[in-house]
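Numbering (the working numbering), first residue to last: 370 to 666.
Every residue gets a Cβ at the ideal spot worked out from N, C-alpha and C, and that includes glycine.
What follows is the structure in structure tokens.
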């Protein structure tokens, strides 16, 4: 049972598990060919573009899995249904390694400007892929391009999901409720940030996406380390978003490893999956916000 809360109230403090002052989660978005195909369906005829995107599944993810195993870490892999169907053995390897697999659309479709019925169909198709290939019913969702609609929380609740990780209005996880009723359903939100996304540092494919500027991995590491230190200081939640087709490349992976070493050097930092954070937040019975409504000028 959730208590009612003010929709404008910022997320309050989170009591992390005993012995921890802050939390961190590593999220790997498994965008492969799908993200290019959605940006421009004509890329299916461009072999170089397709191989650029396939790098994540064929080379980046295996490297990431070895890195996580080396440091005995569990992460969350947000998987579009198309990626699941195209690389089933890889996704089974992720599952069998004990990592969380969460929902990330089907063909990495953005939800901007589409109908609720279309959004539901996309989410259902992604769920079907996860079930048919992996036998998984995910508890979490991250919207492709972090593009949600005002209907998204209810759509996710209708399908039994525990959490979303797409919104950007807090540094702390919180709960969103359907109404102020004490019996209203609620979903846990684990906020994200463009600053904690490798896409903004490394994504570039000519005539498809990206600004044409590929940053030095040292710059990304500096940004992420600074955010990590402050998240730890303010007892917050550090939510990193990594794309293996980008950060699976050698120099960038070394930067990620350096960041992981810094994380593990903080003995009171709780490093866990997004599901781990969501289950913990749900157990706290925080005062939820009410689902946001469209702004009226």
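Per the C-alpha coordinates, the member of 643, 437, 394 and 419 positioned closest to residue 403 is 419. When rounded, the separation of the alpha-carbon atoms in residue 570 and residue 469 is 25 Å.
Judged by DSSP in its simplified three-state form, residue 400 adopts coil rather than helix or strand.
Residue 572 and residue 580 have their C-alpha atoms spaced approximately 8 Å apart. In the DSSP assignment, residue 502 falls within the alpha helix (DSSP H) that extends over 485-503. Boundaries of the beta strand (DSSP E) around residue 611: 606-611.
Within the segment 398-455, the runs of alpha helix (DSSP H) that reach at least 4 residues and sit entirely inside it are, in chain order, 402-408, 416-424, 430-439 and 450-455.
Taking C-beta separations shorter than 7 Å and ignoring five residues to either side along the sequence, the partners of residue 459 in its chain run 426 and 430, following chain order. Leaving aside the five residues that flank residue 395 on each side, the residues in its chain whose CB is nearer than 6 Å to its CB run, in chain order, 444 and 609.
When secondary structure is reduced to three states using DSSP, residue 587 falls in the helix class.
In terms of Cα proximity to residue 614, the closest of 530, 465, 415 and 422 is 422. Of the candidates 632, 578 and 617, the residue whose Cα lies closest to the Cα of residue 602 is 632.
The DSSP-derived three-state label of residue 578 is strand. Rounded to whole angstroms, the Cβ separation of residue 546 and residue 435 is 41 Å, and the two are not in contact under 8 Å. Cβ-Cβ distances below 7 Å link residue 496 to 472 and 528 in the same chain, with the five nearest sequence neighbours on each side left out; the list follows chain order. In the structure shown, the three-state DSSP call for residue 529 is coil. Between residue 530 and residue 509 the beta-carbon gap is near 6 Å, inside 8 Å, which marks them as a contact.
If you ignore the 5 residues before and after residue 457, its C-beta comes within less than 7 Å of the C-beta of 502, all in its own chain and listed in chain order. A Cβ-Cβ contact shorter than 9 Å links residue 533 with residue 522.
Boundaries around residue 643 are those of the alpha helix (DSSP H), 643-653, since no beta strand (DSSP E) includes it. Distance check between residue 466 and each of 525, 551, 442 and 406 places 442 closest, using alpha-carbon atoms only. Distances from the alpha-carbon of residue 588 to those of 620, 558 and 575 put 620 closest.
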